[in-house]
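Below is one structure, written out as structure tokens; comments come after it.
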Amino acid sequence: MKLLSVPDDLMEPIKAPPSFLSGFFALRRHCRMVQLDSFWESLIWTFRSAYWGFPLFSKARSWNVPNPVDVEGTGRHYIQIIKSWNFLRPYFASRGYTLYRALPSHMLETCPAPFPKAAAQQEYPYSRRMYKDDQDGLFDVNVRIPPQSMRVWGARDSLGRDVVMKLVSDATLSDELKVLRYLNTEKARSDPRNHTIPIIEYLTFDGLVFAVMPRWDAAFHPDFGTVIELMKCMEAFLEGFDFLHENRIFHGDFLDQNAGMNIIQHTQRFDLPGLREPSVTRYALYDFGNSSLYPHDAKFEEIRETKFFNFDYRRIPSPKEAYNPFPVDVISLGFVLQLHVRHIQDIIPELGPFFDRMVDDIPENRPTARQALEDFQLIYSHLTPSQLSQEVTTYFWIDGVVKTKAQCV
Numbered sequence: 135m136k137l138l139s140v141p142d143d144l145m146e147p148i149k150a151p152p153s154f155l156s157g158f159f160a161l162r163r164h165c166r167m168v169q170l171d172s173f174w175e176s177l178i179w180t181f182r183s184a185y186w187g188f189p190l191f192s193k194a195r196s197w198n199v200p201n202p203v204d205v206e207g208t209g210r211h212y213i214q215i216i217k218s219w220n221f222l223r224p225y226f227a228s229r230g231y232t233l234y235r236a237l238p239s240h241m242l243e244t245c246p247a248p249f250p251k252a253a254a255q256q257e258y259p260y261s262r263r264m265y266k267d268d269q270d271g272l273f274d275v276n277v278r279i280p281p282q283s284m285r286v287w288g289a290r291d292s293l294g295r296d297v298v299m300k301l302v303s304d305a306t307l308s309d310e311l312k313v314l315r316y317l318n319t320e321k322a323r324s325d326p327r328n329h330t331i332p333i334i335e336y337l338t339f340d341g342l343v344f345a346v347m348p349r350w351d352a353a354f355h356p357d358f359g360t361v362i363e364l365m366k367c368m369e370a371f372l373e374g375f376d377f378l379h380e381n382r383i384f385h386g387d388f389l390d391q392n393a394g395m396n397i398i399q400h401t402q403r404f405d406l407p408g409l410r411e412p413s414v415t416r417y418a419l420y421d422f423g424n425s426s427l428y429p430h431d432a433k434f435e436e437i438r439e440t441k442f443f444n445f446d447y448r449r450i451p452s453p454k455e456a457y458n459p460f461p462v463d464v465i466s467l468g469f470v471l472q473l474h475v476r477h478i479q480d481i482i483p484e485l486g487p488f489f490d491r492m493v494d495d496i497p498e499n500r501p502t503a504r505q506a507l508e509d510f511q512l513i514y515s516h517l518t519p520s521q522l523s524q525e526v527t528t529y530f531w532i533d534g535v536v537k538t539k540a541q542c543v
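For the sequence shown, the residue numbers in the numbering used here are 135 to 543.
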């Protein structure tokens, strides 16, 4: 799809009425107050909403692209949602967050506004910044993987720390919000295996719930310099899924882009070396938009799910009926880690059989997340210091073929 440059009126109301009176009549047609914490704020935003032509979709699912095949309709939808984010700028600003601005040349690439300036240093849960000029820290609105959505936008808080806003629910409590609330309880956060993105706060605008989280960029882009760096990354995600499944949580959409690392990358240098020092590097799972939370006492083997899962995209045989969700998570995790880790099986031969089990076509033949973690820990415990410190010269493994870093330059 051809991505449009930013239209001249992108920052303007969808249909700016010529007078206050027109806005009043638009308000009467809607006959509903915008719901916020205070009456006066509700009143102000109700009139602003009328002036902008009531730009917001009231249902979170409506922010998804309805039909990606319809190129023209998709373009209109993108513009509508971008206008919705722009409409909300003053609301987020009143809560201490300045939304990123779209580049004039590309409306789906954004960068921080000139003010506030970036914090000199960002400490956990905020990311390490790998650039100096904000133009080199672009945040690309992710609309490329079905189901395409524009529920996410970058922002910077009043202290210059970078965050991400994500629409996670509307007035009807979503599974995603249920999962996020559970993962961010004091008990859940105290578990060292809880490698999920921390939530800073929730902001609610007229029933739409936005989760504010630190901006962590893609986990697999920066260079892996040594074997121990790859193993620590793999360990974090295996622990993360062990934790999720122990707590009866199905992630339901694990892909490369849903794995984060506590850095903000240099846009032009995704593969920078030296960024994975284990003592300062953290990894996180995010995007729980297709997740489910089951009763804690439910038996693994008895849980069944009917939610859409893109089996075809992952080249997994589609089940004919309701499926057990946990083996689906395991094979999804296996495919991602196999791509990024199996290429060092000449150094660690045990990785070959390990991944073969994780990505077995037959769900019953796959290990559980706990078994996969334990198998990995056994492999890890037998590695020598020489193996762990060995330089990684390969880049990825796909369908039995190993690509070296030199081949991918």
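Here a beta-carbon is modelled for each residue, glycine too, at the ideal position from N, C-alpha and C.
Computed from a predicted model, the values in this text were never measured in an experiment.
Inter-residue spacing [alpha-carbon to alpha-carbon] between residue i and residue j
i, j, result
"H379", "D309", "16 Å"
"V462", "L372", "14 Å"
"H329", "P459", "20 Å"
"P453", "P497", "10 Å"
"G271", "T415", "19 Å"
"F445", "I437", "18 Å"
"M299", "Q399", "18 Å"
"W197", "V302", "11 Å"
"V493", "T180", "52 Å"
"D296", "I334", "12 Å"
"T538", "R235", "37 Å"
"K433", "Y457", "14 Å"
"T401", "A540", "21 Å"
"G534", "E411", "29 Å"
"L471", "P451", "20 Å"
"P250", "V346", "17 Å"
"H474", "W531", "7 Å"
"I481", "Y514", "12 Å"
"Y316", "T440", "22 Å"
"F221", "D357", "39 Å"
"L565", "Y225", "This structure cannot speak to residue 565, because the chain is shown only from 135 to 543."
"P355", "N396", "With the sequence shown as reference, residue 355 is identified as His, and Pro is not the correct amino acid for it. If I take the Cα positions, the gap works out to 12 Å."
"N318", "F384", "16 Å"
"D431", "N381", "9 Å"
"L314", "D490", "32 Å"
"R285", "R195", "9 Å"
"M365", "G341", "43 Å"
"K321", "N201", "41 Å"
"K193", "A305", "8 Å"
"R349", "E525", "29 Å"
Three-way DSSP call (helix, strand, coil) for residue i in this model
i, result
"R235", "strand"
"F445", "coil"
"K454", "coil"
"I397", "strand"
"T208", "helix"
"V462", "helix"
"I383", "strand"
"A370", "helix"
"V346", "strand"
"D267", "coil"
"K537", "strand"
"Q524", "coil"
"A254", "coil"
"F377", "helix"
"R262", "strand"
"N424", "coil"
"R278", "The pLDDT assigned to R278 is 48, lower than 50, so where the model puts this residue is not dependable; a value taken from the coordinates is nonetheless given after this. Reduced to three states, the DSSP call for R278 is coil."
"N198", "strand"
"D480", "coil"
"A352", "strand"
"C542", "helix"
"N192", "Residue identity check: residue 192 is Ser in the sequence provided, not Asn. DSSP places S192 in coil when its eight states are reduced to three."
"E411", "coil"
Test: residue i CB closer than 8 Å to a CB of chain D
i, result
"S172", "In summary, chain D is missing from the structure at hand, where a single protein chain is found."
Terminal residues of the beta strand (DSSP E) in which residue i lies
i, result
"H240", "240-245"
"G288", "286-291"
"L307", "Premise fails: L307 is in no beta strand (DSSP E) and is neither H nor E."
"Y417", "417-419"
"I532", "528-532"
"S303", "296-303"
Host alpha helix (DSSP H) of residue i (start-end)
i, result
"W179", "173-185"
"K321", "320-323"
"E335", "Careful: E335 lies outside any alpha helix (DSSP H), inside the beta strand (DSSP E) at 335-339."
"G486", "485-492"
"D509", "503-515"
Counting Cβ pairs, one atom from each stretch, are 3 or more of them under 8 Å apart for the stretch 420-429 and the stretch 460-470? no
Okay, do the stretch 255-264 and the stretch 199-216 touch, 3+ Cβ pairs below 8 Å being the bar? no
Touch test, the stretch 357-368 against the stretch 230-246, Cβ-Cβ under 8 Å, three pairs minimum: Verdict: no, contact absent.
Is there contact here, the stretch 384-393 with the stretch 290-301, by at least three beta-carbon pairs under 8 Å? no
Tell me whether the stretch 519-530 and the stretch 493-511 touch, counting them as touching only if at least three CB pairs, one residue from each stretch, are closer than 8 Å. no
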